[in-house]
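Remarks on the structure that follows.
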């Protein structure tokens, strides 16, 4: 075993995930809705290989439940402290843009 194989993979931060959502809101990166089965009220999206599970309350984006980056790192709502969910870091305009892209 190498030292590198013993080093845990760092979790995704809310800011890293938020940046992908911002890039999608600005249409710098394409946001693609995936049609994979998920829980009611949730939507799965792909942003350049980043897989996000987003939770909706009606038509309003509520929070990001889970994210997996192309390099295998993951972040979850349970791991992000209250108030640091990637969605809560978006501006009002960015949030509206993401909701528009998913409507």
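Residue numbers (the working numbering): 482 to 584. Backbone N, C-alpha and C fix where the C-beta goes; we use that ideal spot for every residue, glycine too.
Query                                                                                                                                                                          : Result
Excluding the five sequence neighbours on either side, which residues of its own chain have a C-beta within less than 7 Å of the C-beta of residue 542, listed in chain order? : 535, 568, 576, 579 and 580
What are the uninterrupted segments assigned as beta strand (DSSP E) that are 3 or more residues long and contained completely in the segment 495-557, given in chain order?   : 512-515, 523-528, 531-538, 541-549 and 555-557
Compare the C-alpha of residue 553 against each of 530, 520 and 511 and name the closest.                                                                                      : 530
Expressed to the nearest angstrom, what Euclidean distance is found between the alpha-carbon atoms of residue 561 and residue 497?                                             : 12 Å
Is the beta carbon of residue 507 sitting closer than 9 Å to the one on residue 545?                                                                                           : no
Taking the straight line between their C-alpha atoms, what separation do you get for residue 482 and residue 513?                                                              : The predicted model places residue 482 with a pLDDT of 48, which falls under 50 and marks its position as unreliable, so this point remains unresolved.
Compute the distance between the beta-carbons of residue 571 and residue 524, then report whether it is under 9 Å.                                                             : no
So residue 573 is in the alpha helix (DSSP H); what residue range does that whole segment cover?                                                                               : 573-583
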